[in-house]
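First the structure, in the form of structure tokens, and then the observations on it.
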Amino acid sequence: MRTLLPFLFSIIIPGAGQLYLRDYWKGILMIFLSLFLWLLVSFIPLAYLFTGTMIWSLIDIYLKTEKKEGKSKAVKNLIFSFVVVIFIIPGIFYLSLVSFTKGGEYVSDHYFNENNTQSEMTEIAKQLDSYFYNVKKYPSDYESFVRTKPIWNGWLTDSWENKYKYSQTDSLNYTLTSAGQDGEFGTSDDIVKRSK
């Protein structure tokens, strides 16, 4: 493992492997050389300078490892470090990204959608009460009421993209219902708002 780490460090930051092996002058030279050259000769992309310094760093570590541990150990460490950097580390990042994305969708579906729907239904209730205050009755057709203002078009559906169910018992009372996460009315996860 001690001979593998310098290879890994140098692939990520050229010269870091030399610092790990306590070859401080060469490590500092490699790290800062690509940055200084890039600042002085800015028309050369940093990636080219980085790649060149990385190759120099890896060759230096390979030669040191070959001298100390033997050729087969040096080749194995070099190949394994490339496998780690090219396949294993990106694989871990990919799996982490997928798990965070799916976890975020789960949280959004189970927690945020319910809160967003409740907040939206409270705002809808305020506008229905305002309508009642002006007209002295609640609207008989919810869809027509929502379409009176283009900004309200999002009020046709809840956060799960299910249509709201609006019903009136009379012109003085209404019930606004979201089917909730399962998308079915009449179940325990329904969210209901009634006139005051």
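Residue numbering for the sequence shown follows the working numbering, starting at 13 and increasing by one per position.
C-beta atoms are modelled at their ideal positions from N, C-alpha and C, and glycine is treated no differently.
Exercise. Given a threshold of 16 other Cβ atoms within 10 Å of its Cβ, counted over all protein chains shown, does N89 qualify as buried or as exposed?
Worked result: buried
Exercise. With burial defined as no fewer than 16 other Cβ atoms inside 10 Å of the residue's Cβ, what is the status of Y145: buried or exposed?
Worked result: Classification of Y145: exposed, given that the 10 Å Cβ count is below 16.
For this session: Give the straight-line distance between the Cα atoms of N174 and E132, rounded to the nearest whole angstrom.
Result: 13 Å
For this session: Buried or exposed for A59, please, with buried defined as at least 16 other CB atoms from any protein chain shown within 10 angstroms of its CB.
Result: exposed
Exercise. Excluding the five sequence neighbours on either side, which residues of its own chain have a C-beta within less than 6 Å of the C-beta of V204, listed in chain order?
Worked result: T189
Problem set entry | Other residues of its chain near Q130: CB distance less than 8 Å, five sequence neighbours each side excluded | Answer for Q130: I203, listed in chain order.
Problem set entry | Spatial neighbours of D194 in its chain, beta-carbon cut-off 7 Å, leaving aside the 5 residues before and after | D201
For this session: Buried or exposed for W37, please, with buried defined as at least 16 other CB atoms from any protein chain shown within 10 angstroms of its CB.
Result: exposed
For this session: For D170, count neighbouring Cβ atoms within 10 angstroms of its own Cβ and tell me buried if that reaches 16, exposed if not.
Result: buried
Exercise. Quick one: Cα of F55 to Cα of P26, how far?
Worked result: F55 and P26 have their C-alpha atoms roughly 21 Å apart.
Problem set entry | Inter-residue Cα distance where the pair is K149 and I104 | 60 Å
For this session: Give the secondary structure of T77 by DSSP, where H, G and I count as helix, E and B as strand, and everything else as coil.
Result: helix
Problem set entry | Nearest residue (CA-CA) to K208, options A191, V95, F197 and Y186 | Y186
Problem set entry | Given 8 Å, three or more beta-carbon pairs between the segment 60-70 and the segment 20-35 | yes
Exercise. Alpha carbon to alpha carbon, how far is A86 from L31?
Worked result: 18 Å
For this session: Taking K177 and F157 to be in contact with their CB atoms under 8 Å, please state how far apart those CB atoms are, rounded to whole angstroms.
Result: About 14 Å separates the two Cβ atoms, so there is no contact after all.
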